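In the UniProt record's numbering, the protein residues as written are 1 to 66. Reviewing the structure listed below.
Structural data, given as structure tokens:
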């Protein structure tokens, strides 16, 4: 049996994983200390879930204002 046949199929309908606060903080710290270029930091923030976190916070604020 091939390796591909033994792997469980991925559920692509689940969407992206939830934001990871630890990864977001690590990326932000890399920005503050100058460890990474701005482009790399932005990429790390995006893959760690910053857009989803910001959207959720905006939705939460709007729901509270209603």
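The C-beta atom is built at its ideal place from N, Cα and C for all residues, glycine as well. Everything numeric in this text was worked out from a predicted model, so none of it was measured.
- By the criterion of a C-beta distance shorter than 6 Å, residue 52 is surrounded in its chain by 19, once the five residues flanking it on both sides are discounted.
- The Cβ neighbour count for residue 27, taken over all protein chains shown within 10 Å, is at least 16; the residue is labelled buried.
- The continuous stretches of alpha helix (DSSP H) do not include residue 14, and DSSP gives it neither H nor E.
- Taking 8 Å as the upper bound for CB-CB distance, residue 25 and residue 50 are not in contact here, some 11 Å apart.
- At the C-beta level, residue 41 and residue 59 stay beyond 8 Å of one another.
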